Each structure stands twice: as C-alpha cells, then as structure tokens.
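A.B. asks: Sharing a structure below in structure tokens format, with a few things to ask.
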Amino acid sequence: MDVAWLASASGIPEADLRSVSEGAPPLASQLDALAPAFGFHAADLYAIADVPVPAALTHGHPAAGSDIASLVRITMALPSDQRTCVHRLVDQLPREPRDRPWDLPRTDSQHDSGAGALLVNLLCGNRNLYSLSAAAKALALLTDGRVYLAASTIHGIGRGRVPLTPERVAGFATTLGISPGDLAAITSVELPQPSWPDDPLTAEMARLLWNCRHLTAAQAEHAYDEVKSMLVAVPDDASSEEWNRVSRHQGRWWGAPRR
C-alpha cells in the first residue's frame, strides 16, 4: 500500500495511516475519509474493517428484501429508458426517519467466521436484503446464473461452514459492485484469469441494489408494483431476440421489448 498516496487522497496524516496499517483500530472519521480513496461505499468499508456501521449509515428494513430482489429481476429486462425511470423512482422515495431502532437480524461474526461472514453481511445487511432467499436470488440474477446458491449454502458461507470458492467470490463481487480484484485481496481467495467479462447492465443493477438499501418494506413493495406495471403482454409470435420474457400469467407471457 502506498501510504503517501493514500494520505494525499484521504487527507489523513501518514503517521496515522501507518499506525492503522500496523494494527491500530481505525477511527470512524478515518474510515469515512478512506472510503472514497479506496473506491468503496463508506458502509462497506466499515464492514470490511469489522467496525460497526454508524447509525447514520445504517438503512433498510428486514422485510424489504424479497420485493427488492424482484424489482431488480424485472428492471434487468426493461429497455434503458424505462430502467432510467426505475432509478429515478427509487432515488425519489423519501428516506423514512426511524422512530425506533429496527430489530434487524443478527449479522454473522466476521471474527469467528472470517471472509464468508463479511461477504454475507455486505450482501444481506448493507444491501437491505436480509432474507437469505432474496440474497440468493440477487446473486443468481446478477451473475446470469453462474452463482446459483441455495439460501442454506449462503447461510453456511456466513457461518464459515461452506468454503469460499473463486467463483463464489467473483459472484459476490459482481453483485456487490466491488472490483473482483479488491474482493479477492480482502478475502485472500485467488481468482482465475481471465475474470468474467464486464457487463454494463450488471454493473447498473449492482448500483440499483445499493440505492435500494434505504427502502422500507412498504416502499419496496410500492416500487416493485410500479416496476411490474411497466411490463406488457408479449406477442405470441415474438422472438426471444426481440423480447425479454419475465413472467407467465394465465397462459400469457409478460415482459418488455429489447431496444
């Protein structure tokens, strides 16, 4: 690590950075400054450093995950102009104030379970999914089925009982919107070369997943219903090259034209 460069990029004195690199626990103000220098979301850097995420950066609702995963699934099928509308819809939903702390599910212990717990906490907690089934759906969607895991497998990864393979780390990186190389370095899992090809749509959906982290369950349901209403009946003679099929209802496919 180039401490001099990092000090310049973050505004943190070199002496303080060297102290942290030698094992001193980082301060919250240091993590806030380091996050943009590293290219991480601040909440993710807190998790990576195994430091509790401050209340100001903690969002989400434990019941929102299923609708968020379904919202992402439909959005992936929409043409770019409609995807822009989805991003705007999510961004414009108000940040609901908390009148009491939400009883969020217990996160896995990174100290006890290692890198697997970190990845599950990043995906479930920091991405407002919480439900392991929703996390499994998000992984499968954003990796185009390359990483298709059961909820029980994700639970095992979070508890350190199921190993992290290179493919699984690459899948988490894609879904989290974190550089595979960075996540490989953090987890000490070597990824094969070459890695998966870059996919602009996948990167866009990773950003949408992050932006959904502030949604309450009611807001996630509302956003999902709005996005679902963008689907139209697919013509019976439509080809798969021209249309994305999303769901089948009463004998008819619903989806969106590719354009």
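Residue 24 in the working numbering sits at position 44 of the sequence shown, and the numbers go up by one each step.
Ideal Cβ positions, reconstructed from N, Cα and C, are used throughout, including at glycine.
Remember, it's a predicted structure, so these values are computed and weren't measured experimentally.
1. Using C-beta distances below 7 Å, list every residue in its chain close to Leu109, excluding the 5 sequence neighbours before and after it, in chain order.
2. Mark Val212 as exposed unless 16 or more other C-beta atoms lie within 10 angstroms of its C-beta, in which case mark it buried.
3. Considering just the uninterrupted stretch of the beta strand (DSSP E) at Pro237, what are its terminal residues?
4. Need the endpoints of the alpha helix (DSSP H) that Val70 sits in, please.
5. Where are the beta strand (DSSP E) runs, 3 residues long or more, that stay fully inside the stretch 82 to 146, in chain order?
6. Please report how far the alpha carbon of Val214 lies from the alpha carbon of Pro237, in whole angstroms.
7. For a test of the three-state rule: what should DSSP assign to Trp223, helix, strand or coil?
8. Could you have a look at Val212 and say whether DSSP puts it in helix, strand or coil?
9. Just curious, the alpha helix (DSSP H) that Asp12 is in, first and last residue?
10. What three-state label does DSSP hand Arg75 in the structure shown?
11. With the cut-off set at 7 Å, would you say Ala165 and Ala43 are in Cβ contact?
12. In the DSSP output, what is Arg148 paired with across the bridge?
13. Smallest Cα separation from His202: which of Asp178, Val66, Val100 and Ser159?
14. Give me, in chain order, the residues of the same chain whose beta-carbon lies closer than 8 Å to that of Ala15; leave out the 5 immediate sequence neighbours on both sides.
15. Helix or strand or just coil, what does DSSP make of Arg80?
16. Taking C-beta to C-beta, are Glu206 and Leu69 nearer than 7 Å?
17. Are Gly96 and Leu144 closer than 7 Å when you measure CB to CB?
18. Whose C-alpha, out of Asn101, Ala(-5), Ala186 and Pro(-7), is nearest the C-alpha of Thr55?
C.D. replies: Concretely, from the data shown:
1. Position 129 of the sequence shown, counted from the first residue, corresponds to residue 109. Answer for Leu109: Gly45, Ile48, Ala49, Leu103, Ala115 and Ala118, listed in chain order.
2. Stepping through the sequence shown from its first residue, residue 212 is reached at position 232. When all chains shown are included, Val212 counts as exposed.
3. To locate residue 237, count along the sequence shown from 1; it is residue 257. For Pro237, the enclosing beta strand (DSSP E) stretches over residues Arg232 to Pro237.
4. Counted from its first residue, the sequence shown places residue 70 at position 90. Looking at the DSSP string, the run of the alpha helix (DSSP H) that includes Val70 is Ser60 to Gln72.
5. none
6. On the sequence shown, residue 214 is found 234 positions in, with the first residue counted as 1. On the sequence shown, residue 237 is found 257 positions in, with the first residue counted as 1. Using only the alpha carbons, I get a separation of about 8 Å.
7. Here residue 223 refers to the residue found at position 243 when the sequence shown is read from its first residue. It is a strand residue.
8. Reading the sequence shown from its first residue, position 232 is the one you call residue 212. Note: Val212 maps to strand in three-state DSSP.
9. Within the sequence shown, numbered from 1, the residue matching residue 12 stands at position 32. Asp12 -> alpha helix (DSSP H) spans Ala8 to Phe18.
10. Numbered from its first residue, the sequence shown carries residue 75 at position 95. Coil at Arg75, not helix or strand.
11. Position 185 of the sequence shown, counted from the start, is the residue given in the question as residue 165. Position 63 of the sequence shown, counted from the start, is the residue given in the question as residue 43. Result no, Cβ atoms of Ala165 and Ala43 do not sit closer than 7 Å.
12. Taking the first residue of the sequence shown as position 1, residue 148 is located at position 168. The partner list for Arg148 (beta bridge, DSSP) is empty, contrary to what the question assumes.
13. Position 222 of the sequence shown holds residue 202. Considering only alpha carbons, the answer is Val66.
14. The residue labelled residue 15 in the question sits at position 35 within the sequence shown. If we look at Ala15 and ignore the five residues flanking it on each side, its Cβ neighbours are His21, Ala22, Asp24 and Leu25.
15. In the sequence shown, residue 80 corresponds to position 100, counting from 1. In this predicted model, Arg80 has a pLDDT of only 49, less than 50, meaning its place in the structure is not dependable; the value taken from the coordinates is given anyway. Arg80: coil per DSSP, three-state reduction.
16. The residue you call residue 206 lines up with position 226 of the sequence shown. The residue you call residue 69 lines up with position 89 of the sequence shown. It is a contact, given that the beta carbons lie within the stated cut-off.
17. Your numbering for residue 96 matches position 116 in the sequence shown. Your numbering for residue 144 matches position 164 in the sequence shown. Contact: yes.
18. The residue you call residue 55 lines up with position 75 of the sequence shown. Nearest option by C-alpha distance: Ala186.
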